[in-house]
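Everything in the sequence shown is counted per this note's numbering, starting at 65 for the first residue and increasing by one.
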Amino acid sequence: MRRGGWDYSRRRPPWWPENEPFPPRRGWRGPPSGFMRRMALFFVAIAVLSVIAATFLFWTLASAFGAADFPGGATRGLALLFVFVVLALAARSLRRLTRPVGDVIEAVGRVAEGDLTTRVAVRGAREGRALARAFNAMATRLEAGEEQRRRLLADVSHELRTPLSVVQGNLEALVDGVHPADEAHLLAILDETKVLSRLVEDLRTLSLAESGALTLHREAIDVSALVRETVESFASQAEPAGVSLAAQVSSGLPQVDADPVRAREILSNLVANALRYTPRGGRVTVTARSDGAAVAIDVRDTGAGIAPDRIVRIFDRFYKSPESRGAGLGLAIAKQLVEAHHGEISATSVLGEGTDIRFTLPTEPPPA
(Lines of atoms letter the chains of each structure in order from A and count residues from 1; the text may use other names and numbers.)
(Lines give C-alpha, C1' and ligand atoms only; values in the text may rest on other atoms or scores of the structure.)
Protein backbone atom coordinates (compact mmCIF):
# COMPACT_ATOMS: atom_id res chain seq x y z
CA MET A 1 0.00 0.00 0.00
CA ARG A 2 1.40 3.38 -0.98
CA ARG A 3 0.51 6.78 0.41
CA GLY A 4 2.26 9.94 -0.62
CA GLY A 5 5.02 8.02 -2.42
CA TRP A 6 5.92 5.87 0.62
CA ASP A 7 5.48 2.13 0.67
CA TYR A 8 4.00 1.24 4.07
CA SER A 9 4.47 -2.47 3.41
CA ARG A 10 8.17 -2.02 4.09
CA ARG A 11 9.65 -3.01 7.39
CA ARG A 12 10.58 -0.49 10.07
CA PRO A 13 13.74 1.38 8.87
CA PRO A 14 16.80 0.77 11.06
CA TRP A 15 16.97 4.43 12.06
CA TRP A 16 13.33 4.56 13.26
CA PRO A 17 13.03 4.75 17.11
CA GLU A 18 12.11 1.41 18.67
CA ASN A 19 9.54 2.93 21.02
CA GLU A 20 7.50 4.60 18.26
CA PRO A 21 4.93 2.87 16.00
CA PHE A 22 5.69 2.34 12.33
CA PRO A 23 4.24 3.37 9.93
CA PRO A 24 3.54 6.72 11.56
CA ARG A 25 0.05 8.16 11.69
CA ARG A 26 -0.36 10.70 8.95
CA GLY A 27 -1.97 14.05 9.43
CA TRP A 28 -2.54 16.16 12.54
CA ARG A 29 -5.30 14.75 14.72
CA GLY A 30 -5.35 17.53 17.28
CA PRO A 31 -4.82 17.31 21.01
CA PRO A 32 -6.22 14.39 23.03
CA SER A 33 -9.97 14.45 23.62
CA GLY A 34 -9.45 14.53 27.41
CA PHE A 35 -7.40 17.68 27.08
CA MET A 36 -10.09 19.33 24.98
CA ARG A 37 -12.80 18.42 27.51
CA ARG A 38 -10.77 19.85 30.36
CA MET A 39 -10.12 23.07 28.48
CA ALA A 40 -13.80 23.40 27.55
CA LEU A 41 -14.94 22.86 31.15
CA PHE A 42 -12.32 25.30 32.35
CA PHE A 43 -13.51 28.12 30.09
CA VAL A 44 -17.17 27.36 30.85
CA ALA A 45 -16.37 27.63 34.57
CA ILE A 46 -14.54 30.91 33.98
CA ALA A 47 -17.52 32.30 32.08
CA VAL A 48 -20.03 31.28 34.79
CA LEU A 49 -17.87 32.66 37.57
CA SER A 50 -17.41 35.91 35.67
CA VAL A 51 -21.18 36.33 35.33
CA ILE A 52 -21.68 35.61 39.04
CA ALA A 53 -18.91 38.03 40.00
CA ALA A 54 -20.38 40.77 37.85
CA THR A 55 -23.83 40.21 39.37
CA PHE A 56 -22.57 40.36 42.96
CA LEU A 57 -20.50 43.41 42.16
CA PHE A 58 -23.56 45.14 40.76
CA TRP A 59 -25.64 44.26 43.83
CA THR A 60 -22.90 45.39 46.20
CA LEU A 61 -22.48 48.74 44.48
CA ALA A 62 -26.24 49.22 44.36
CA SER A 63 -26.48 48.52 48.10
CA ALA A 64 -23.60 50.90 48.88
CA PHE A 65 -25.34 53.79 47.17
CA GLY A 66 -28.83 52.80 48.24
CA ALA A 67 -30.59 51.94 51.46
CA ALA A 68 -29.44 48.36 51.76
CA ASP A 69 -29.24 46.53 55.04
CA PHE A 70 -25.82 45.76 56.50
CA PRO A 71 -26.13 41.93 56.79
CA GLY A 72 -27.21 41.59 53.18
CA GLY A 73 -24.33 43.75 51.95
CA ALA A 74 -21.82 41.83 54.04
CA THR A 75 -23.09 38.55 52.69
CA ARG A 76 -22.82 39.77 49.14
CA GLY A 77 -19.34 41.14 49.84
CA LEU A 78 -18.13 37.81 51.18
CA ALA A 79 -19.66 36.02 48.21
CA LEU A 80 -17.88 38.45 45.87
CA LEU A 81 -14.59 37.85 47.70
CA PHE A 82 -15.09 34.10 47.32
CA VAL A 83 -15.69 34.51 43.59
CA PHE A 84 -12.49 36.57 43.24
CA VAL A 85 -10.49 33.89 45.09
CA VAL A 86 -11.90 31.23 42.79
CA LEU A 87 -10.99 33.33 39.74
CA ALA A 88 -7.45 33.79 41.07
CA LEU A 89 -7.09 30.04 41.56
CA ALA A 90 -8.47 29.47 38.07
CA ALA A 91 -5.96 31.92 36.62
CA ARG A 92 -3.16 30.12 38.46
CA SER A 93 -4.35 26.78 37.06
CA LEU A 94 -4.52 28.23 33.57
CA ARG A 95 -0.97 29.52 33.90
CA ARG A 96 0.18 26.09 35.10
CA LEU A 97 -1.57 24.49 32.15
CA THR A 98 -0.13 26.85 29.53
CA ARG A 99 3.41 27.16 30.92
CA PRO A 100 4.67 23.95 29.23
CA VAL A 101 3.27 25.22 25.93
CA GLY A 102 5.21 28.45 26.40
CA ASP A 103 8.37 26.48 27.16
CA VAL A 104 7.96 24.51 23.94
CA ILE A 105 7.29 27.66 21.89
CA GLU A 106 10.45 29.25 23.26
CA ALA A 107 12.46 26.06 22.63
CA VAL A 108 11.16 25.82 19.05
CA GLY A 109 12.56 29.29 18.43
CA ARG A 110 15.99 28.22 19.70
CA VAL A 111 15.92 25.10 17.51
CA ALA A 112 14.97 27.23 14.52
CA GLU A 113 18.08 29.31 15.21
CA GLY A 114 20.23 26.17 15.05
CA ASP A 115 20.57 25.17 18.71
CA LEU A 116 19.73 21.45 18.49
CA THR A 117 20.82 20.85 22.10
CA THR A 118 17.69 22.60 23.35
CA ARG A 119 15.47 20.59 25.69
CA VAL A 120 12.42 21.55 27.76
CA ALA A 121 11.54 20.59 31.32
CA VAL A 122 8.89 17.90 31.63
CA ARG A 123 6.32 19.48 33.96
CA GLY A 124 2.72 20.58 34.26
CA ALA A 125 -0.42 18.64 33.40
CA ARG A 126 -0.34 15.26 31.72
CA GLU A 127 -0.82 16.74 28.23
CA GLY A 128 1.92 19.31 28.89
CA ARG A 129 4.34 16.59 29.97
CA ALA A 130 3.50 14.56 26.87
CA LEU A 131 4.17 17.62 24.68
CA ALA A 132 7.53 18.23 26.39
CA ARG A 133 8.59 14.60 25.98
CA ALA A 134 7.59 14.63 22.31
CA PHE A 135 9.59 17.82 21.72
CA ASN A 136 12.64 16.43 23.51
CA ALA A 137 12.46 13.23 21.44
CA MET A 138 12.23 15.29 18.25
CA ALA A 139 15.17 17.48 19.26
CA THR A 140 17.24 14.42 20.17
CA ARG A 141 16.54 12.86 16.79
CA LEU A 142 17.41 16.09 14.97
CA GLU A 143 20.66 16.38 16.91
CA ALA A 144 21.58 12.77 16.16
CA GLY A 145 20.78 13.26 12.48
CA GLU A 146 22.92 16.38 12.30
CA GLU A 147 25.80 14.60 14.01
CA GLN A 148 25.45 11.67 11.63
CA ARG A 149 25.45 14.07 8.66
CA ARG A 150 28.65 15.72 9.87
CA ARG A 151 30.36 12.37 10.41
CA LEU A 152 29.27 11.21 6.97
CA LEU A 153 30.67 14.33 5.31
CA ALA A 154 33.94 13.92 7.20
CA ASP A 155 34.19 10.22 6.31
CA VAL A 156 33.34 10.78 2.64
CA SER A 157 35.88 13.60 2.41
CA HIS A 158 38.52 11.37 3.97
CA GLU A 159 37.80 8.46 1.62
CA LEU A 160 37.78 10.67 -1.49
CA ARG A 161 40.99 12.47 -0.57
CA THR A 162 43.36 9.54 -1.10
CA PRO A 163 42.38 8.48 -4.65
CA LEU A 164 42.01 12.10 -5.73
CA SER A 165 45.49 12.90 -4.42
CA VAL A 166 46.95 9.94 -6.32
CA VAL A 167 45.19 10.95 -9.56
CA GLN A 168 46.25 14.57 -9.18
CA GLY A 169 49.86 13.67 -8.37
CA ASN A 170 50.18 11.33 -11.34
CA LEU A 171 48.60 13.79 -13.74
CA GLU A 172 50.88 16.60 -12.57
CA ALA A 173 53.88 14.30 -13.03
CA LEU A 174 52.74 13.49 -16.57
CA VAL A 175 52.18 17.16 -17.41
CA ASP A 176 55.56 18.21 -15.96
CA GLY A 177 57.33 15.41 -17.82
CA VAL A 178 58.47 13.67 -14.63
CA HIS A 179 56.70 10.46 -15.73
CA PRO A 180 56.23 9.34 -19.31
CA ALA A 181 52.66 8.92 -20.53
CA ASP A 182 53.08 5.18 -20.86
CA GLU A 183 50.67 2.36 -20.10
CA ALA A 184 51.95 1.71 -16.57
CA HIS A 185 51.37 5.27 -15.35
CA LEU A 186 48.04 5.62 -17.14
CA LEU A 187 46.82 2.33 -15.67
CA ALA A 188 47.66 3.60 -12.18
CA ILE A 189 45.42 6.61 -12.78
CA LEU A 190 42.70 4.38 -14.23
CA ASP A 191 42.79 2.15 -11.14
CA GLU A 192 42.25 5.13 -8.86
CA THR A 193 39.28 6.33 -10.93
CA LYS A 194 37.78 2.85 -10.50
CA VAL A 195 38.19 3.23 -6.74
CA LEU A 196 36.37 6.56 -6.90
CA SER A 197 33.61 5.10 -9.03
CA ARG A 198 33.12 2.18 -6.65
CA LEU A 199 33.01 4.51 -3.64
CA VAL A 200 30.38 6.73 -5.25
CA GLU A 201 28.26 3.71 -6.22
CA ASP A 202 28.55 2.26 -2.72
CA LEU A 203 27.43 5.55 -1.19
CA ARG A 204 24.49 5.71 -3.56
CA THR A 205 23.42 2.15 -2.75
CA LEU A 206 23.75 2.75 0.98
CA SER A 207 21.78 6.00 0.80
CA LEU A 208 18.93 4.39 -1.15
CA ALA A 209 18.78 1.40 1.19
CA GLU A 210 18.79 3.51 4.37
CA SER A 211 16.04 5.79 3.06
CA GLY A 212 13.85 2.88 1.98
CA ALA A 213 13.94 4.05 -1.66
CA LEU A 214 15.94 1.11 -3.01
CA THR A 215 14.01 -0.70 -5.74
CA LEU A 216 14.30 -4.49 -5.63
CA HIS A 217 13.51 -6.60 -8.71
CA ARG A 218 12.49 -9.78 -6.94
CA GLU A 219 12.37 -13.17 -8.58
CA ALA A 220 12.91 -16.81 -7.66
CA ILE A 221 16.66 -17.46 -7.22
CA ASP A 222 18.52 -20.75 -7.08
CA VAL A 223 20.74 -20.32 -4.01
CA SER A 224 23.02 -23.20 -5.00
CA ALA A 225 23.86 -21.50 -8.28
CA LEU A 226 24.27 -18.13 -6.56
CA VAL A 227 26.80 -19.52 -4.06
CA ARG A 228 28.78 -21.55 -6.62
CA GLU A 229 29.02 -18.70 -9.14
CA THR A 230 30.08 -16.18 -6.49
CA VAL A 231 32.76 -18.52 -5.10
CA GLU A 232 34.09 -19.21 -8.60
CA SER A 233 34.30 -15.48 -9.34
CA PHE A 234 36.63 -15.01 -6.33
CA ALA A 235 38.85 -17.99 -7.12
CA SER A 236 41.29 -15.78 -9.02
CA GLN A 237 41.77 -13.64 -5.87
CA ALA A 238 41.91 -16.46 -3.36
CA GLU A 239 44.53 -18.58 -5.16
CA PRO A 240 47.32 -15.95 -5.37
CA ALA A 241 46.63 -15.05 -1.71
CA GLY A 242 47.12 -18.67 -0.68
CA VAL A 243 43.59 -18.92 0.77
CA SER A 244 41.36 -21.95 0.27
CA LEU A 245 37.87 -20.92 -0.90
CA ALA A 246 35.10 -23.52 -0.99
CA ALA A 247 31.30 -23.80 -1.14
CA GLN A 248 29.15 -26.26 0.79
CA VAL A 249 25.50 -26.24 -0.24
CA SER A 250 22.81 -28.53 1.15
CA SER A 251 20.84 -30.50 -1.39
CA GLY A 252 17.21 -29.68 -2.12
CA LEU A 253 17.40 -26.05 -1.09
CA PRO A 254 14.25 -24.04 -1.85
CA GLN A 255 14.48 -21.01 -4.07
CA VAL A 256 14.52 -17.60 -2.41
CA ASP A 257 12.54 -14.52 -3.36
CA ALA A 258 15.17 -11.84 -3.92
CA ASP A 259 16.78 -9.44 -6.34
CA PRO A 260 19.51 -11.51 -8.04
CA VAL A 261 21.85 -8.55 -8.51
CA ARG A 262 21.53 -7.37 -4.91
CA ALA A 263 21.71 -10.90 -3.50
CA ARG A 264 24.99 -11.46 -5.31
CA GLU A 265 26.23 -8.08 -4.08
CA ILE A 266 25.53 -9.14 -0.49
CA LEU A 267 27.43 -12.40 -0.84
CA SER A 268 30.27 -10.78 -2.79
CA ASN A 269 30.81 -8.16 -0.10
CA LEU A 270 30.98 -10.83 2.59
CA VAL A 271 33.35 -13.09 0.64
CA ALA A 272 35.61 -10.17 -0.28
CA ASN A 273 35.72 -9.10 3.36
CA ALA A 274 36.57 -12.65 4.49
CA LEU A 275 39.39 -12.97 1.95
CA ARG A 276 40.78 -9.60 3.02
CA TYR A 277 41.26 -10.73 6.61
CA THR A 278 42.27 -14.36 6.08
CA PRO A 279 46.04 -14.94 6.10
CA ARG A 280 47.93 -17.19 3.69
CA GLY A 281 47.16 -20.83 4.39
CA GLY A 282 43.73 -19.94 5.81
CA ARG A 283 40.31 -21.04 4.64
CA VAL A 284 37.05 -19.32 3.65
CA THR A 285 33.92 -21.47 3.47
CA VAL A 286 30.52 -20.47 2.15
CA THR A 287 27.63 -22.70 3.25
CA ALA A 288 23.90 -22.57 2.53
CA ARG A 289 21.08 -24.43 4.24
CA SER A 290 17.34 -24.25 4.72
CA ASP A 291 16.18 -22.30 7.79
CA GLY A 292 12.39 -22.46 8.09
CA ALA A 293 10.82 -19.90 5.75
CA ALA A 294 14.25 -18.68 4.67
CA VAL A 295 17.61 -19.88 3.43
CA ALA A 296 20.63 -19.14 5.63
CA ILE A 297 24.03 -18.45 4.05
CA ASP A 298 27.18 -18.45 6.19
CA VAL A 299 30.57 -17.03 5.24
CA ARG A 300 33.24 -18.36 7.61
CA ASP A 301 36.92 -17.52 7.64
CA THR A 302 39.91 -18.62 9.70
CA GLY A 303 41.37 -15.18 10.17
CA ALA A 304 42.46 -13.43 13.34
CA GLY A 305 38.89 -12.84 14.51
CA ILE A 306 37.26 -9.69 15.86
CA ALA A 307 37.29 -8.44 19.44
CA PRO A 308 33.89 -8.37 21.22
CA ASP A 309 33.97 -4.58 21.60
CA ARG A 310 34.49 -4.18 17.84
CA ILE A 311 32.17 -6.81 16.41
CA VAL A 312 29.11 -4.84 17.49
CA ARG A 313 30.19 -2.05 15.12
CA ILE A 314 31.29 -3.96 12.03
CA PHE A 315 28.02 -3.18 10.22
CA ASP A 316 28.41 0.58 10.79
CA ARG A 317 29.30 2.52 7.68
CA PHE A 318 32.94 3.61 7.39
CA TYR A 319 33.90 1.46 10.36
CA LYS A 320 36.99 -0.59 9.60
CA SER A 321 40.11 -1.92 11.21
CA PRO A 322 43.29 0.19 11.10
CA GLU A 323 44.95 -2.22 8.65
CA SER A 324 42.03 -2.25 6.22
CA ARG A 325 42.48 -0.62 2.84
CA GLY A 326 38.75 -0.58 2.04
CA ALA A 327 36.25 2.23 2.55
CA GLY A 328 34.39 0.48 5.35
CA LEU A 329 31.12 0.30 3.41
CA GLY A 330 30.93 -3.36 2.33
CA LEU A 331 29.36 -4.78 5.49
CA ALA A 332 27.11 -1.74 5.98
CA ILE A 333 25.76 -2.22 2.45
CA ALA A 334 25.30 -5.96 3.03
CA LYS A 335 23.28 -5.27 6.18
CA GLN A 336 21.02 -2.72 4.48
CA LEU A 337 20.42 -4.98 1.47
CA VAL A 338 19.60 -7.98 3.67
CA GLU A 339 17.10 -5.94 5.67
CA ALA A 340 15.59 -4.57 2.45
CA HIS A 341 14.86 -8.22 1.55
CA HIS A 342 13.24 -8.73 5.01
CA GLY A 343 16.14 -10.96 6.02
CA GLU A 344 18.49 -10.94 8.98
CA ILE A 345 22.26 -10.68 9.28
CA SER A 346 24.56 -11.30 12.24
CA ALA A 347 28.21 -11.91 13.03
CA THR A 348 30.06 -14.06 15.55
CA SER A 349 33.79 -14.24 16.06
CA VAL A 350 36.45 -15.84 18.25
CA LEU A 351 39.84 -14.18 18.51
CA GLY A 352 42.48 -16.36 16.89
CA GLU A 353 39.93 -18.66 15.25
CA GLY A 354 38.02 -16.56 12.73
CA THR A 355 34.69 -14.92 11.99
CA ASP A 356 31.32 -16.20 10.82
CA ILE A 357 28.82 -13.84 9.16
CA ARG A 358 25.38 -15.29 8.56
CA PHE A 359 22.43 -13.83 6.66
CA THR A 360 19.04 -15.09 5.56
CA LEU A 361 16.87 -14.53 2.48
CA PRO A 362 13.13 -15.33 2.55
CA THR A 363 11.66 -18.06 0.37
CA GLU A 364 8.32 -16.27 0.02
CA PRO A 365 7.49 -12.72 -1.10
CA PRO A 366 6.80 -10.26 1.74
CA PRO A 367 3.14 -9.53 2.56
CA ALA A 368 1.61 -6.75 0.51
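By construction, the Cβ of each residue, glycine as well, lies at the ideal position given by its N, Cα and C atoms.
If you look at residue 271, you'll find it in the alpha helix (DSSP H) that goes 247-275. Relative to residue 198, the option among 398, 333, 164 and 417 whose CA is nearest is 164. Annotation for residue 293: the continuous alpha helix (DSSP H) segment containing it runs 287-297. For residue 335, the enclosing alpha helix (DSSP H) stretches over residues 324-340.
Judged by beta-carbon spacing, residue 359 lies beyond the 8 angstroms limit of residue 412, meaning their Cβ atoms are not closer than that value. DSSP, read as helix, strand or coil, puts residue 363 in strand. Three or more Cβ pairs drawn from the segment 177-188 and the segment 202-212 lie within less than 8 angstroms of each other, which places the two stretches in contact.
Around the beta carbon of residue 209, a 10 Å sphere encloses fewer than 16 other beta carbons of the protein chains shown; the residue is thus reported as exposed.
Taking C-beta atoms as the reference points, residue 282 and residue 323 count as a pair closer than 8 angstroms. Counting along the chain, the unbroken alpha helix (DSSP H) around residue 373 starts and ends at 372-375. Scanning its chain for C-beta atoms nearer than 7 angstroms, with the 5 sequence neighbours on each side dropped, one finds around residue 290 the residues 327, 328 and 331, in chain order. Contact check between the segment 258-275 and the segment 211-225: three or more CB pairs, one atom from each, fall below 8 angstroms, which counts as touching. Remark: C-beta atoms of residue 353 and residue 305 do not approach each other more closely than 8 angstroms.
Here residue 371 is exposed. Its C-beta has fewer than 16 other C-beta atoms within 10 Å. Following the DSSP letters along the chain, one finds residue 319 in no alpha helix (DSSP H), marked with neither H nor E.
The beta carbon of residue 193 is closer than 6 angstroms to those of 186 in its chain, skipping five residues each way along the sequence.
For a cut-off of 8 angstroms, the C-beta gap from residue 270 to residue 393 is around 6 angstroms, short enough to register as a contact. When rounded, the separation of the alpha-carbon atoms in residue 334 and residue 166 is 53 angstroms.
Spanning the alpha carbons of residue 429 and residue 319 requires a straight line of approximately 11 angstroms. If you check the CB distance, residue 348 and residue 414 do not come in under 8 angstroms. Residue 308 has 347 as its beta-bridge partners, per DSSP. Annotation for residue 409: the continuous beta strand (DSSP E) segment containing it runs 409-414. In this structure, DSSP gives residue 313 an extended state, which the three-state scheme calls strand.
Residue 244 carries a coil assignment under DSSP once its states are collapsed to helix, strand and coil.
Scanning 212, 230 and 362 for the CA closest to the CA of residue 256 turns up 230.
By the 16-neighbour rule on beta-carbons within 10 angstroms, residue 403 is buried. For residue 237, the CB contacts under 6 angstroms within the same chain, skipping 5 residues up- and downstream, are 243 in chain order.
Nearest neighbour of residue 235 by Cα position, chosen from 248, 277 and 253, turns out to be 253.
Taking the CA atoms as reference points, residue 195 sits about 50 angstroms from residue 418. For residue 418, the uninterrupted beta strand (DSSP E) run begins and ends at 418-426, by DSSP.
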